[in-house]
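So the structure is just underneath, and the comments pick up after that.
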Amino acid sequence: MTKAPFSGKGERASDLLGLIHSDACGPMNTQARGGFQYFITFTDDFSRYGYIYLMRHKSEALERFKEFKNEVQNQHGKSIKALRSDRGGEYLSQDFDELLKECGIVSQLTPPGTPQWNGVSERRNRTLLDMVRSMMSHTDLPTSFWGYALETAAFTLNRVPSKSVQKTPHEMWTGRHPNMSFMKIWGCKAYVKHQMSTKLEPKSEKCTFVGYPKETKGYYFYNENKVFVARTGVFLEKEFLTNSGKGRNIELEEVQQQQVIEPEVEGISQAVEENPTDLETQPLRRSTRERHEPERYGFLVTTHGDVILVDQDEPKTYQEAVASPDSEKWLEAVWTLVEPPERIKPIGCKWVFKKKTDMDGNVQTYKGRLVAKGFRQIHGVDYDETFSPVAMFKSIRILLAVAAFHDYEIWQMDVKTAFLNGKLEEDVYMTQPEGFVTLENARKVCKLQRSIYGLKQASRSWNLRFNEAIQEFGFIRMKMNLVYTRSLVGALFHS
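Under full-length UniProt numbering, the first residue of the sequence shown is numbered 1, with each subsequent residue one higher.
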């Protein structure tokens, strides 16, 4: 079969918010300042006025759509009628689907392999990235400033003529002619006056213009590894145009996931025995391993385009866990509140907070973890054994050698918050965490049902729990000594 030709264009919307085109782009090969790797666009079909939002994760698409919907519907007094997007996992989530149904918004999903049906968004993203590369090629700013350049490009597109509409998108969206007098050349140098300075200090500093803030009237300037807002400045646009030169090459691309093609090992081995010269002519097969989008979107999308609904009845916050019908089970999964036993001094706990920053020093995430004060545990009372076996690097190398010899596949796994899966054999009592103490239970203490970070036996409890779980799948722990294992590997490679 041949691919059917694409026929025609869809009908245009007859009013503002009649149809919104949307598309998410990313991850980009360079992280923007603030930890952003993705961006999502929303373009009105009638006016072609566009909004753009930077995102750290693709799963933020739902929150950005809520932000967009609330703003435009409040400003125009109208409701969004339809949303057109591709079949990306961020648009197929259960939460996204429920929001559209609740608001009466018709979801228009493009068929697989037909980006033409969402051509407005596809072309908008391409135009924006082309503008960003052009803007940045004439500056000496790091590539991580592509986020500011992208927002400026979208700001500019809304105020210039478009072939798709008779007026500028800004005029059709707001009903007013756009004011272009305040716009400056992105990336040019500018002198910005100090708010406070002494008589002997310079009254201004030389900065770089990097954008227009949405929430205030002014400009974004960059200087000495910081971005700040100022009302105005003296822009050196003529010097910038004179000294811009030919420009530099900007490597800013969307990272595309490549499909892995694996050879048919058994077929090739058999062919080599029959005719060694035909090795290069053997057909290749695609991997049979099923690839799908992360489950956090609420749907699993298989390689064949099938969509499978995933049960997401798991609470995401402490408040959701307490309010759910299974609140008692969720609370018992970590601890139970009991009266403090006599002659038992509970161990303390504390919240550990940490800021995760990116390469530019900007805060990316705020992380909090409850940790027990294990140094106050008493041997024989709060814990007994603490030894936990670990794998030797020599054993791992041997495993890799055996796998390479027999052409095995090696799978690596990671368990999030692994220690919380361990079961405690001892009775460990802990004071209630700060912020979770209620007036009626203020005198009670937490009897831990599972190990938490900070306990002396946490590592051992997790190892025992993992060993128990892995043996249920039929695996057997190897207990060979190193000398025997070395001789076994030597025999394999000499056979």
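Just so you know, even glycine gets a beta-carbon here, dropped at the ideal spot from N, CA and C.
Option in the options with minimal Cα separation from residue i
i	options	result
P178	V415, V192, L54 and F155	F155
D44	S121, T114 and G89	S121
F36	R48, L150, P202 and G119	L150
T139	K226, T242, Y212 and I52	T242
E90	E60, F436 and Q108	E60
V415	D427, R397, Q377 and F466	F466
E102	F221, K69 and S164	K69
I398	K444, T417, E253 and M478	M478
M183	Y212, H194 and V402	Y212
A13	R33, R48 and C25	R48
S134	F221, I250 and Q166	I250
L337	E440, Q377 and K226	E440
L19	Y222, R33, Q108 and T152	Q108
S164	F46, E409 and T2	F46
A418	N463, F473, P433 and H406	N463
K350	E434, Q75, P161 and T168	E434
L157	T386, V229, L128 and R33	L128
I452	E71, V402 and G348	G348
Under the three-state DSSP convention, the category residue i falls into
i	result
I20	strand
K108	First, the amino acid is wrong: residue 108 is Gln here, not Lys. In the structure shown, Q108 sits in a strand (DSSP, three-state: E or B).
G113	coil
H57	coil
Y148	helix
S388	coil
H406	helix
H138	coil
F475	coil
K81	coil
K203	coil
E171	helix
G211	strand
H194	coil
G35	coil
C103	helix
H379	strand
M28	strand
D130	helix
G119	helix
D44	strand
F65	helix
I396	helix
E11	coil
N158	coil
N74	helix
Residues of its chain near residue i, where Cβ-Cβ distance is below 6 Å and the 5 sequence neighbours each way are ignored
i	result
F353	G368
P294	A caution first: P294 carries a pLDDT of 49, below 50, which makes its placement in the model unreliable, though a value can still be read off. The answer is none, since no qualifying residue turns up.
R231	G218
L54	F36, F39 and G147
E253	N29
M131	A153
P161	T168
Residue i at chain D interface by Cβ criterion, 7 Å
i	result
V192	Although the question refers to chain D, the structure presented lacks it and comprises just one protein chain.
Cβ-based neighbour list, residue i, same chain, cut-off 8 Å, excluding 5 preceding and 5 following
i	result
residue 557	No answer is possible for residue 557: the residues shown for the chain start at 1 and end at 495.
Q73	L17, S79 and I80
residue 522	Absent from the structure is residue 522, since the part of the chain shown begins at 1 and ends at 495.
P346	P340, Y429, M430, T431, V445 and C446
E171	H177 and P178
F221	A190, V192, C207, T208, F209, V210, V227, F228, V229, A230 and G233
Assumed close pair residue i, residue j - CB separation to whole angstroms, cut-off 8 Å
i	j	result
S137	G247	4 Å
Y383	Q457	4 Å
residue 498	R460	Look at the range of the chain in this structure, 1 to 495, and you will see that residue 498 is not part of it.
L62	F39	With a Cβ gap of about 15 Å, L62 and F39 do not count as contacting.
N125	T41	6 Å
V334	R176	Actually they do not touch by this definition, with Cβ atoms about 57 Å apart.
K58	G26	7 Å
K189	E224	The pair is not a contact, with the Cβ atoms about 14 Å apart (cut-off 8 Å).
Same chain only: Cβ atoms within 7 Å of residue i, ignoring 5 sequence neighbours per side
i	result
N118	H21, D23, R84, S85, D86 and T110
D358	Q31, G35 and Q364
G454	V371, A372, K373 and G374
K423	R450, S461 and R465
T277	Because T277 carries a pLDDT of 43, less than 50, the predicted location of this residue cannot be relied on, and the following value inherits that uncertainty. Hits under 7 Å: none found.
Y297	Only weak support exists for where Y297 lies, its pLDDT of 42 falling under 50; the value from the coordinates is given anyway. Excluding residues within five positions, the ones whose Cβ falls inside 7 Å are S59, G89, E90, L92 and S93.
Near the ligand MN: residue i beta-carbon under 6 Å from a heavy atom
i	result
S93	For the ligand MN, the structure offers nothing, since it holds no ligand at all.
message = List, from N- to C-terminal side, the beta strand (DSSP E) runs of 3 residues or more that fit wholly inside the stretch 330 to 375.
response = Within the stretch 330 to 375, the complete beta strand (DSSP E) runs of at least 3 residues are 335 to 338, 349 to 357 and 363 to 372.
message = Suppose only complete runs of 3+ residues qualify. What are the beta strand (DSSP E) ranges in the stretch 412 to 484, listed by chain order?
response = Counting only runs that start and end inside the stretch 412 to 484, the beta strand (DSSP E) elements of at least 3 residues fall at 445 to 448.
query = Unbroken alpha helix (DSSP H) runs of length 4 or more, entirely within the stretch 225 to 249: which are they?
reply = Complete alpha helix (DSSP H) runs here, min 4: 237 to 243.
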